[in-house]
Amino acid sequence: MKRLLVGIAAVAGAFVLAACSGGGASPANVTGGGAVEAGAGGGAPTTSAATSSSAPATTSSAPATTSSPATSSSKPKPTSTKPTSTKPKPTTTKPKPPATTADVPCAKAAAASGTAACVDISAHKAWLLQDGKVIYGPVSMLPGRKGYATPTGSFRVLSKEKMHYSREFDNAPMPNSVFFYPGDAFHTGSLKTYSHGCVHLSATSSLRFFNTLHVGDVVQVVP
């Protein structure tokens, strides 16, 4: 009975296959997705599934690179500072204007024509004048000490001697002597030690007095 059923099934299968292939021809072995392959020895046909690629498409997982926003510089802008000059500014000193007759306390000497000399004992100053205008001075001087005071008043130049020696005071040298009173003269002397009645001047000043004054010129000495 089992054999009869198997045979019927086989006949039915062959009939179906013949009908699908178009009229009695043996079906060719067909491979491919879903094709029916005839089994050898009349066995049941086996169906081979088509091999499909299971590998998923590779997608780029790397995120798109976006440009980062430009960072603003945090450094402060350099400020240009001009260096200050350390050099001191040159100071211009105006020359001292020469003394005028208004600065001279000797009215007679200022009124005299020609050259004249003026001596201020209390101020320890002396001047030379020409026709009432100051041409030299004031310069420092020292008068006579106590007991040997320099005489005051208006006088005239009596004599001049380039190197005089005082007989009264142990032949003391008196360079550039210009006598305006007996025994008293302008001459080079100490500006720290008072004289015995003469008018002490520096070497430079006594030379200027000696070269400027002439015999007969007015010499006025005020207290």
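Going left to right, the sequence shown walks through residues -18 to -1, 1 to 205 as mature numbering (1 follows the signal peptide of the UniProt record, and there is no 0) numbers them. All C-beta atoms, glycine included, are put in the ideal place defined by N, C-alpha and C.
Asked: For LYS115, the first and last residue of its enclosing alpha helix (DSSP H); Found: LYS115 -> not in any alpha helix (DSSP H); beta strand (DSSP E) instead, spanning 115 to 122.
Asked: Other residues of its chain near THR134: CB distance less than 8 Å, five sequence neighbours each side excluded; Found: ILE103, VAL203, VAL204 and PRO205
Asked: heavy atom of the ligand NAP below 7 Å from GLY135 C-beta; Found: The ligand NAP is absent from the structure shown, which contains no ligands of any kind.
Asked: Through-space distance from ASN153 to TYR118, alpha-carbon basis; Found: 30 Å
Asked: PHE162 vs PHE137 beta-carbon contact at 8 Å; Found: yes
Asked: Whole-Å CB distance - HIS106 paired with MET123, under 8 Å assumed; Found: 6 Å
Asked: Buried versus exposed call for residue 209 [16 or more other C-beta atoms within 10 Å across all chains shown]; Found: The first residue shown for the chain is -18 and the last is 205, placing residue 209 beyond what the model contains.
Asked: Beta-carbon proximity list for ALA7, same chain, < 6 Å, skipping 5 on both sides; Found: Its pLDDT being 41, under 50, ALA7 is placed unreliably in this model, and the coordinates cannot settle the point.
Asked: 8 Å Cβ shell around ALA93 - same chain, five flanking residues per side excluded; Found: GLY114
Asked: Below-8 Å beta-carbon distance, ASP102 vs any chain D residue; Found: Absent from the structure: chain D. Only one protein chain is present.
Asked: Where SER159 sits in the DSSP three-state scheme; Found: strand
Asked: Inter-residue Cα distance where the pair is GLY129 and LEU189; Found: 28 Å
Asked: Beta-ladder partner(s) of ALA108, from DSSP; Found: VAL101 and VAL121
Asked: Buried versus exposed call for HIS196 [16 or more other C-beta atoms within 10 Å across all chains shown]; Found: exposed
Asked: Three-state secondary structure (DSSP) of ASP199; Found: coil
Asked: For HIS182 and PHE151, believed in contact at Cβ under 8 Å, the rounded distance; Found: Between HIS182 and PHE151 the Cβ distance is about 13 Å, and since that is not below 8 Å, they are no contact.
Asked: C-alpha gap between VAL200 and PRO155, whole angstroms; Found: 25 Å
Asked: Contact under 8 Å by Cβ, VAL116 with ALA108; Found: no
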